[in-house]
Amino acid sequence: MNIQTLKEASDCLLNLAKPETQAIEHILLQDAFERILAEDITAKIPVPSFAKSAYDGYALRQADTAAASPEHPVTLDVTEVIPAGSVPTYPITEGKAARIMTGAPVPEGADAIIMHERTSFTENTVTLTAPVTSANIIPPGEDVAAETLLVPKGKILTASDLALIAGQGIAEIGVYKKLSIGLISTGSELLNTGSPLEYGKIYNTNPYLLGGYIQKHHMTANYLNTVSDDLDSLCRAVLDALKTNDVVITTGGVSAGDFDYMPEVIRRIGGDLLFHRLKFKPGGAMLGAFKDGKVILGLSGNPGAAATGLLCVGFPFMRKLSGRSDITFSQTTAYLGVDFKKSSPVTRILKGHSDFKNGMLYFTPLSNQHNGSVSSMSDCDLLAIIPAGSKPLAAGDKLEVYIL
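Residues in the sequence shown are numbered from 1 upward in steps of one, following full-length UniProt numbering.
Encoded structure:
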């Protein structure tokens with residue numbers, strides 16, 4: 001085990017992610033919003049599948065209007081009225097026109113639509129005083145051509161994706177079953193919400209912070225036990241969680257204290273320890289392990305550090321395992337909004353929020369960066385990566401940031 005950096009740990013887990021092993025379920029299209037598509041969706045039919053009118057007006061032949069002028073108007077006989085959804089009865093021949101509604105099929109022989117407000121008309125005729133030079137016909141396939149890849153496998157389905165699929169008449173699609181993430185909190189100091197507060201104890205917030213991020217990323221968070229610092233209890237809890245979850249995440253017990261038992265838990269249950277205590281902060285006090293084909297992530301018990309470890313190391317793996325094609329957060333460059341006066345001997349991850357000034361993205365660090373603070377994640381929509389060995393930074397310096 002010689003994994004020390006954030007990238008090495010992330011790459012190690014990514015190599016273990018096998019999305020092809022994830023179950024696929026077929027669900028109704030109406031239930032598929034923000035699910036992960038498990039198959040390419042290709043257009044089998046063009047949209048629209050027929051030439052249709054762009055306006056309410058008259059379908060006609062442009063050649064019949066070529067000589068039209070105010071002095072010499074042209075009058076055409078109206079053969080029928082074509083509402084949207086109906087089929088034309090008659091072709092358009094010389095001297096003929098059809099009253100047509102928006103979206104209705106264009107009759108054979110017609111090569112243009114004239115808006116009704118640009119004509120004079122009766123029930124049986126339409127008169128024009130200028131040549132028709134614009135077709136105003138929506139051709140087949142204008143929106144979607146046949147054989148077009150509509151939505152690729154691995155995409156989070158949006159409202160527009162569902163509409164494109166619906167336009168093909170598809171009522172049911174295959175999506176990846178949501179990953180089940182088991183959350184175990186460790187620590188004899190922890191109390192569950194709803195319990196009376198005891199001196200020296202704290203309420204357990206990690207399941208709600210981490211669980212919220214997990215659900216936001218289209219996975220299921222299972223809030224499991226809060227386990228005291230007892231080796232046998234911890235071993236049982238992890239083994240039980242592995243039976244019913246795709247990934248198990250623990251918080252606490254991964255540092256170097258007398259009651260930091262998680263490395264020993266991995267050894268006792270027969271797991272393979274992949275890495276432990278990485279060189280980044282906050283969140284480097286974490287471990288990764290593998291047991292029975294599943295990953296166990298041991299995160300810091302401090303909420304801010306646990307969230308950072310989950311986002312930067314855990315989520316690329318979990319997103320890949322869940323079938324997503326976009327396995328990493330979007331990255332960009334931002335300008336530091338204020339001075340940051342600390343050096344960074346190891347890679348430092350700063351939590352912050354985005355600001356836009358003069359069209360440029362600025363990163364403003366949150367005032368509370370403490371490992372143990374839940375509030376350190378409040379309003380955090382950017383993470384800035386400060387490379388190891390960096391000196392204090394000045395406002396205006398460029399940073400690489402992850403967009404959460």
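Glycine is no exception: its CB is placed at the ideal position from the N, C-alpha and C atoms.
Nearest neighbour of ILE138 by Cα position, chosen from MET115, LEU149, LEU76, VAL106, turns out to be VAL106. Between GLN22 and the set GLY85, LYS177, SER185, the nearest pair of CA atoms involves LYS177.
Beta-bridge annotation (DSSP): PRO365 is paired with GLY352. Taking 8 angstroms as the cut-off, the Cβ atoms of ILE386 and SER344 count as close. For the options CYS380, LEU404, ASP381, the alpha carbon positioned closest to that of THR328 is the one of LEU404. Residue environment for ARG35: buried (at least 16 other C-beta atoms within 10 angstroms of its C-beta). Under the three-state reduction of DSSP, MET101 is assigned to coil, being neither helix nor strand. For the pair THR193 and GLY359, the Cα-to-Cα distance works out to about 44 angstroms. Taking one beta carbon from each stretch, the stretch 106-115 and the stretch 45-58 have 3 or more pairs nearer than 8 angstroms; the two touch.
Straight across, the Cα-Cα distance linking THR102 with VAL47 is about 16 angstroms. By the Cβ-count criterion, GLN215 is exposed, with fewer than 16 other Cβ atoms from all chains shown falling within 10 Å of its own Cβ. Around the beta-carbon of PHE356, fewer than 16 other beta-carbon atoms lie within 10 Å, marking it exposed. Approximately 17 angstroms separates the beta-carbon atoms of ALA98 and GLU117; this is outside 8 angstroms, ruling out the contact.
Within the UniProt domain "MoaB/Mog" (182-320), complete beta strand (DSSP E) segments of at least 3 residues are found at 220-227, 247-251, 272-276, 287-291, 294-299, given in chain order. For LEU273, the closest C-alpha among the options PHE280, MET262, LYS279 is that of MET262. Counting other Cβ atoms within 10 Å of its Cβ, LYS52 reaches 16 or more and is therefore classed as buried. For ASP161, the enclosing alpha helix (DSSP H) has its first and last residue at 159-166.
Residue state for LYS7 is assigned as helix, using DSSP reduced to three classes.
Three or more beta-carbon pairs separated by less than 8 angstroms link the stretch 239-256 to the stretch 300-315, which places the two stretches in contact.
As a beta-bridge residue in DSSP terms, ALA112 pairs with LEU60. Note that the stretch 123-130 touches the stretch 74-88; at least 3 beta-carbon pairs, one per stretch, sit closer than 8 angstroms.
Around the beta carbon of ARG348, a 10 Å sphere encloses 16 or more other beta carbons of the protein chains shown; the residue is thus reported as buried. Within the same chain, and ignoring the five residues on either side of GLY154 in sequence, the residues whose Cβ sits closer than 7 angstroms to its Cβ are ILE36, LEU37, GLY323, ARG324, SER325. One thing to note: ALA221 has its Cβ within 8 angstroms of the Cβ of ILE181. In this structure, the CA atom of GLN168 is about 24 angstroms from the CA atom of ASN136. GLN30 sits in a helix when the DSSP states are folded into three classes.
The three-state secondary structure of THR125, taken from DSSP, is strand. The three-state secondary structure of THR65, taken from DSSP, is helix. With a cut-off of 8 angstroms on Cβ pairs, the stretch 287-296 is not in contact with the stretch 330-344, counting fewer than three such pairs. Classified as buried, ALA32 has 16 or more neighbouring CB atoms from the shown chains inside 10 Å of its CB.
Just so you know, the alpha carbons of CYS380 and SER134 end up roughly 52 angstroms apart. Around ILE100, the same chain offers SER53, ALA59, ILE82 as residues with beta carbons nearer than 6 angstroms, after the five sequence neighbours per side are excluded. If you ignore the 5 residues before and after ILE269, its C-beta comes within less than 8 angstroms of the C-beta of CYS235, VAL238, LEU239, LYS291, all in its own chain and listed in chain order.
PHE280 is classed as buried because its beta carbon has at least 16 other beta carbons within 10 Å across all chains shown. Residue state for THR119 is assigned as coil, using DSSP reduced to three classes. Between the alpha carbons of GLY95 and VAL132 lies a distance of about 14 angstroms.
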